[in-house]
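What follows is a single structure, written as structure tokens, with notes after it.
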Amino acid sequence: LTINALEDLARAIMTTDSKPKIARTFKNQSLFTGIAKGAGMLAPSLATMLSVIMTDAIVEPAIASRIFEEVCDKTYNRIDSDGCTSTNDTVIFMSSGASGVTLSEEDLRSALMEIAGSLAHQLISDAEGHSKIISITTINAKSERDAVEIGRACARNNLLKCALHGEDPNWGRILAALGTTNAVMDAHNIDVTLNGVKVCIASAPGEGRDKVSMKDELIEIVIDLHMGTASATIWTNDLTAEYVHENSAYAT
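Position 74 (the sequence shown) corresponds to 78 in the numbering used here; numbering is contiguous.
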């Protein structure tokens, strides 16, 4: 679990990654540490993402399994670089118990969320060919499932991802992506905010597009459905010529 050994391990599993992904935290005298790899074909459900999280805390297997599933659903399963899948997706949580410390469920969940959240963000921040990192937050949805579906539809919409790469605040493409989902919504009452500017109000033009600055790497999209109280955030990246080149310039 030493930092040098972790870096060697993280580098050993890299494929198209540009850097190793490592996270560490302490919780009540117990060490949690993790590594991950993945830069393309990065989406939940059989992608090429690999991640291992380790701790020296004492963890009951049944409790670990339940909590880790919850953590994965809100971290690794909320990133989506290109929607493409493979057969190598693996996330492993291992406990040695060497510290002799048994953590409460709250502390275990907190530590795992910190490690998995950091690794998930590192993964999407190193996505193949990206120039933008995009957070898509859906608020006031009927259910969390709807909020996730909305975010994922946007994350996998090539026209939208191209517009974001071109720094075009094209909220129409966001609404078009929403229309491909089964989420409960009122098509005439959707608000869209881009980097703090409400460009769409009640599914119609809002504040001027010229007020939106998209020069920075991070782009934040907030979609308000006005249907309930649920929310969720999906992280993705833009679609670039570099991504196309990286995935076409070699033979398998």
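Cβ atoms here follow ideal geometry from the backbone N, Cα and C, with glycine treated the same way. From a predicted model like this one, the values you see are computed outputs, not experimental measurements.
Query raised in the report: For the alpha helix (DSSP H) that contains C166, what are its first and last residues?
Result: N162 to H169 is the extent of the alpha helix (DSSP H) around C166.
**Report entry** In DSSP terms, what K146 is bridged to
**Finding:** K146 is not bridged to any residue.
Query raised in the report: Which residues in the same chain as H230 place their Cβ atom closer than 8 Å to its Cβ, once the five residues preceding and following it in sequence are excluded?
Result: For H230, where only same-chain residues beyond five positions count, the Cβ hits under 8 Å are N144, D190, N193, I194 and D195.
Query raised in the report: Can you tell me whether DSSP reads D61 as helix, strand or coil?
Result: It is worth fixing the name first, because residue 61 is Ala in this sequence and not Asp. Of the three classes helix, strand and coil, the one that applies to A61 here is coil, per DSSP.
Query raised in the report: Between the Cα of G232 and the Cα atoms of G183, I137, A27 and E148, which residue gives the shortest distance?
Result: Residue E148 is the option with its Cα nearest to G232.
Query raised in the report: Opposite E224 in the DSSP bridges: which residues?
Result: Per DSSP, the beta bridge partners of E224 are S139.
Query raised in the report: Taking Cβ to Cβ, would you say S139 is nearer than 8 Å to I225?
Result: Against a cut-off of 8 Å, the Cβ pair of I225 and S139 comes out as a contact.
Requested in this report: Measuring alpha carbon to alpha carbon, tell me which of V188, I178 and T184 ends up nearest K202.
Outcome: Considering only V188, I178 and T184, the residue with the shortest C-alpha distance to K202 is I178.
**Report entry** When K136, E171 and N186 are compared against I154, the one with the closest alpha-carbon
**Finding:** For I154, the closest alpha carbon among the candidates K136, E171 and N186 is that of N186.
Requested in this report: Take L243 as the anchor and find which of A253, R113, R15 and K165 has the nearest alpha-carbon.
Outcome: L243 has its Cα closest to that of K165, out of A253, R113, R15 and K165.
Query raised in the report: Across which residues does DSSP place C204 in a beta bridge pair?
Result: For C204, which the question treats as bridged, DSSP gives the partners V196 and P209.
Query raised in the report: Grouping DSSP H, G and I as helix and E and B as strand, with all else coil, what is M117?
Result: M117: helix per DSSP, three-state reduction.
Requested in this report: Throw me the rounded Cβ distance for the V95 and Y80 pair, which I believe falls under 8 Å.
Outcome: 6 Å between Cβ atoms; contact.
Report task. Identify, in the order they occur along the chain, each residue of the same chain with its Cβ nearer than 7 Å to the Cβ of S114, setting aside the five sequence neighbours on each side. Result -> Closer than 7 Å at the Cβ level, and outside the excluded window around S114, lie K31.
**Report entry** Bridge partners - W239, DSSP secondary structure assignment
**Finding:** Note: W239 sits in a beta bridge opposite I83 and S139.
Query raised in the report: Based on Cα-Cα distance, which residue from N162, E73, A181 and L54 lies nearest to L13?
Result: Comparing Cα positions, the closest option is L54.
Requested in this report: In the DSSP assignment, find the unbroken beta strand (DSSP E) run with G38 in it and report its ends.
Outcome: Segment S34 to K41, the beta strand (DSSP E) holding G38.
Query raised in the report: What whole-angstrom Cβ distance do K219 and D130 have, given they're in contact under 8 Å?
Result: Between K219 and D130, the beta carbon gap of about 21 Å keeps them out of contact (Cβ cut-off 8 Å).
Query raised in the report: Taking buried to mean at least 16 other C-beta atoms within 10 Å of its own C-beta, is D77 buried or exposed?
Result: Per the 10 Å Cβ criterion, exposed.
Report task. Check whether the Cβ atoms of A61 and S99 sit closer than 8 Å, and answer yes or no. Result -> In this structure, A61 lies near S99, with their beta-carbon atoms less than 8 Å apart.
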